[in-house]
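Shown next, in structure tokens, is the structure this report addresses.
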Amino acid sequence: MMALLASPLPQGSGTNCRHASPGLWPNTFAGAFRRAPLLRVPESCAVALVVGYALGARDRKWQQGASRRRQVCCRGSGSVEASEVAAGAQLWRKLPAEIPDNLEKMLRSAQNDIVREELDPTPFRRLAVIRVPIDSMPCVGQLKQVALTIGDADSGQYASVLHSREHHGGFIGCVVAVTSKETKVTLPRGGIGADILDIACPDESHMLLTLRGVSALRIIDRVAQPGDNGALQPLVQEVLEWGQFEESEGGEVAILKELSALEALFKECGDLQNRTGIWAAGDLYSKSLPELTKEVAEVLKGQELLGLELNDETKRRAVFAANAVISAFGDPKRSTFLCDPTTLLHRLRLLTKFLQVMDDLLRSRLRK
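Per our numbering, residue 1 is the first one in the sequence shown, and the count goes up by one each step.
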């Protein structure tokens with residue numbers, strides 16, 4: 001496995017895992033995951049994960065669901081490298097667009113907090129979504145492992161994974177799991193579209209997903225409720241990386257200017273963090289931005305970025321660098337960027353602005 005921005009997926013293969021591939025054994029997780037034999041479901045498999053939602057008593061419903069969760073069908077074998085292009089995102093993008101009759105009302109809703117001017121010209125589609133703790137949330141161009149507890153209280157999470165595998169080729173939406181009272185029923189403004197590269201089941205109560213962040217998502221219907229199958233499927237829109245705003249603001253010249261400033265600030269902030277010992281904003285010192293950018297590029301190798309051609313290396317590098325910076329931030333600031341996605345030039349400017357503030361604050365600490 002290649003180097004990753006997140007906690008690296010380990011390389012060791014000496015495990016007691018049935019059908020596990022080197023590099024996907026979760027030895028960075030709790031002991032329960034390390035000790036339990038996993039049933040690995042590789043990307044190349046056709047997977048059927050069948051879950052039942054009976055209407056009887058709670059215990060009977062869970063027993064019925066447990067027996068069905070054991071029905072994991074797998075054909076073929078072999079691991080999936082992050083550089084391989086998974087079909088999930090491409091399959092989902094081919095689905096028909098959906099324009100709700102109440103779109104204007106939906107946009108005006110204070111809970112959705114969206115204005116038409118910020119929408120991209122990309123289609124609206126339904127997508128199964130799971131809530132992910134920020135420390136497990138993948139950025140675009142990151143591989144992350146997400147542990148899910150399967151139970152009555154979490155059946156919607158499991159149903160979303162099932163729906164993603166059955167209908168979208170393993171493409172799933174990830175949103176930051178927030179804990180405030182107001183957000184228990186309201187989704188964040190944005191999230192990440194990710195490919196499910198691997199599913200491991202240590203037991204009937206837990207599931208471990210290996211996800212690859214593919215694209216930023218804008219949540220159109222933030223108050224969506226689970227469907228009849230239990231899966232949460234809000235209306236979402238993929239966020240363009242390159243659009244009319246980038247062209248109107250100077251195109252590639254403007255991007256290169258912002259990228260140059262961002263790279264310089266990233267290095268300065270990392271050096272200042274090392275000198276001051278202040279790491280609250282993240283870790284911008286351990287790895288250089290070129291190193292992090294290369295890792296993102298490897299994870300997204302061959303992956304379509306909306307609005308860009310595969311051979312447009314300069315613009316793609318800017319996308320990789322911007323997402324690499326976000327991945328280096330601490331949880332609070334990373335959550336801010338993941339929950340409010342923007343196109344490339346907006347993102348670069350916001351990152352530069354934040355790093356300039358960070359640079360000023362760290363320098364002021366040195367002078368004291």
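No residue lacks a Cβ here, since even glycine has one placed at the ideal position from N, Cα and C. Model, not experiment: these values are computed from the prediction.
Contact belief for residue i with residue j at Cβ below 8 Å, rounded distance in angstroms
i: GLY307; j: GLU241; result: 5 Å
i: GLN233; j: VAL129; result: 7 Å
i: LEU344; j: LEU262; result: Going by Cβ atoms, the distance from LEU344 to LEU262 rounds to 12 Å, so no, they are not a contact pair.
i: ILE220; j: ILE114; result: 7 Å
i: LEU338; j: GLU258; result: Actually they are not in contact, since the Cβ atoms of LEU338 and GLU258 sit about 20 Å apart, beyond 8 Å.
i: ALA231; j: ALA324; result: That pair is no contact at about 32 Å.
Short Cβ contact (8 Å threshold) for residue i with residue j
i: ASP195; j: ARG212; result: yes
i: HIS346; j: PHE266; result: no
i: ALA370; j: VAL132; result: Outside the displayed span of the chain (1 to 368) sits residue 370, for which this structure offers no information.
i: ARG218; j: PRO123; result: no
i: THR276; j: LEU362; result: yes
i: GLY156; j: SER164; result: no
i: HIS206; j: ILE150; result: yes
i: PRO100; j: LEU235; result: yes
i: ARG125; j: GLU98; result: yes
i: GLN273; j: LEU289; result: no
i: VAL319; j: LEU310; result: no
i: ALA280; j: GLY193; result: no
i: LEU209; j: VAL146; result: yes
i: HIS168; j: LEU127; result: yes
Residue i versus residue j: straight-line alpha-carbon distance, rounded
i: GLY191; j: GLY173; result: 7 Å
i: LYS368; j: ILE278; result: 14 Å
i: LEU355; j: ASN229; result: 44 Å
i: MET106; j: ARG365; result: 46 Å
i: ALA457; j: ARG316; result: Because residue 457 is not part of the residues shown, which for the chain are 1 to 368, the question remains open.
i: LYS333; j: ALA322; result: 14 Å
i: PRO202; j: PRO138; result: 22 Å
i: HIS19; j: SER215; result: Reliability fails at HIS19, whose pLDDT of 33 lies under 50, so the model's placement of it is uncertain and the value that follows must be treated cautiously. If I take the Cα positions, the gap works out to 29 Å.
i: GLY250; j: LEU292; result: 26 Å
i: LYS94; j: GLU268; result: 43 Å
i: LEU148; j: SER248; result: 43 Å
i: THR186; j: LEU300; result: 30 Å
i: SER136; j: SER335; result: 11 Å
i: ASN102; j: GLY243; result: 26 Å
i: GLY282; j: ALA87; result: 33 Å
i: THR314; j: ALA264; result: 18 Å
i: VAL239; j: TRP92; result: 14 Å
i: LYS287; j: ASP312; result: 25 Å
i: GLY227; j: ASP331; result: 31 Å
i: ALA224; j: ILE326; result: 28 Å
i: LYS353; j: SER260; result: 13 Å
i: SER109; j: GLU166; result: 32 Å
Buried versus exposed, by CB contacts within 10 Å (16 or more), residue i
i: ARG189; result: buried
i: GLU360; result: Note on residue identity: the sequence assigns Asp, not Glu, to residue 360. When all chains shown are included, ASP360 counts as exposed.
i: GLY302; result: exposed
i: GLY270; result: buried
i: VAL175; result: buried
i: PRO121; result: exposed
i: ASP198; result: buried
i: GLY56; result: Low local confidence applies: a pLDDT of 38 at GLY56 is under 50, so the model's placement there is unreliable, and no value is given.
i: VAL357; result: exposed
i: SER77; result: Because the pLDDT of SER77 is 30, which lies under 50, any placement of that residue in the model is unreliable, and the number read from its coordinates should be weighed accordingly. Exposed, since its Cβ has fewer than 16 Cβ neighbours within 10 Å.
i: VAL41; result: For VAL41, the predicted structure reports a pLDDT of 38, less than 50, and the residue's modelled location is therefore unreliable. The matter cannot be settled from this model.
CB contact below 8 Å: residue i versus chain B
i: ALA297; result: Here chain B cannot be found, since the structure has a single protein chain.
Query raised in the report: Using 8 Å as the threshold, is the segment 295-310 in touch with the segment 132-143, meaning 3 or more CB pairs across them?
Result: Touching, per the Cβ criterion.
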